[in-house]
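As numbered in this note's numbering, residues 597 to 822 make up the sequence shown, in order. Ideal Cβ positions, reconstructed from N, Cα and C, are used throughout, including at glycine. Source: prediction; values computed, not measured. See structure below.
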Amino acid sequence: MTRQGLLAGKGLAGLVKLALLISVIIAGNLLTSGIIDGLEMDVRPTNEPLLHQIIMFSMAAYIVLMAMPFVPGVEIGLALMMILGPKIVPLVYACTLISMCLAFLIGRLVPERSIIKFLREIRLVKAASFLESFSGLSAEQRLTRLSDLSPRRWVPWLLRHRYLTLMLAINLPGNMVLGGGGGLALMAGMSRIFSVGRYLLLVAVAISPIPLVLLIFGDKFASWPI
C-alpha cells in the first residue's frame, strides 16, 4: 500500500473514532434528559418500590454520566436532591465523588501513546507533537516544561496553584464548555500533574458547597423538596 493510502486509512480510522466519541456524548446527553424526565413522578405508597428502583438506576447512571466529558450528568444529582430532599443528599455527594475519581483514574490509565495516535489520526499534528514532548517526564518535569512553553505570565501562576485552579473550574458556572466536571477530572488525570491523594481531597471539598447548604439550610426552603 502506498504512503498516501496509509495516511488516508489512518485519517478514516480517526474520523470513525471521533464520530463514535461524539455519538457517545450525544447519547449521554439524551440519556441524562430522559432520566430527569423519568424522575418527575408522584411519590405515593403504591409506587414506592418502583421509585426505589428508579432512584438506584438513576444513581448508577449518574456515576457513569457525570464522569463523561460534555455530558451534564450533574443535573441528575441536582434533580434528585430537589425532588427527594435532604435524605438523598449524602448519597448524591458520595456518587459525585466516586464519579469524579473514576474520570480522573480513567485519564491516568489511558496510555499517552494512544492519545497521541488518535490526535495524529484526526490530523491534529501539532497537538500530538506537543503531547509527545511530555512523554516519559515526571510531574515536576511536566510542570517545568509547561511553564517554559507558556506564552502568558499568568499560566505559570495557574500551574503553581493548579489544585486551587481546578477547584474553581469545577465550580465555575458554564464549565460545560471545558468539558464539565467529568471532562475536567479526565483532563486532570491525563495531565499527570495531580497526585491521587491531593486530587481526592480537592474534589471532596470542591463538590461539597451545594450538599452542605442543602443539609444545613434546606429545612428553611419552603419549596424543598419540590
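Nearest-angstrom Cα distance between residue i and residue j?
i: ALA800; j: LEU693; result: 6 Å
i: SER791; j: ILE684; result: 30 Å
i: VAL688; j: CYS697; result: 14 Å
i: ILE631; j: GLY681; result: 18 Å
i: GLN649; j: LYS816; result: 29 Å
i: PRO769; j: SER804; result: 15 Å
i: GLN737; j: SER743; result: 10 Å
For residue i versus residue j, is the C-beta distance shorter than 7 Å?
i: ILE679; j: SER654; result: no
i: PRO707; j: LEU782; result: no
i: GLY610; j: ILE711; result: no
i: LEU635; j: ALA675; result: yes
i: LEU754; j: ILE766; result: no
i: MET786; j: GLY703; result: yes
i: GLY669; j: THR628; result: yes
i: LEU720; j: ILE789; result: no
i: ALA784; j: PHE700; result: yes
i: LEU811; j: MET677; result: no
i: LEU796; j: MET763; result: no
Looking at the secondary structure, which residues open and close the alpha helix (DSSP H) in which residue i lies?
i: PHE714; result: 708-717
i: SER654; result: 644-662
i: GLY793; result: 792-802
i: PRO577; result: Since the first and last residues shown for the chain are 597 and 822, residue 577 lies out of range.
Secondary structure, beta strand (DSSP E): runs of 3+ residues fully inside the stretch 673-699: none
Validate contact between the stretch 752-759 and the stretch 644-664 using beta carbons, cut 8 Å, 3 pairs: no
Alpha helix (DSSP H) segments (min. 4 residues) lying fully within the stretch 722-771: Counting only runs of 4 or more residues that sit fully inside the stretch 722-771, the alpha helix (DSSP H) segments are 735-745, 750-756 and 758-766, in chain order.
At least three beta-carbon pairs within less than 8 Å, the stretch 624-639 to the stretch 721-731: Short answer: they don't touch.
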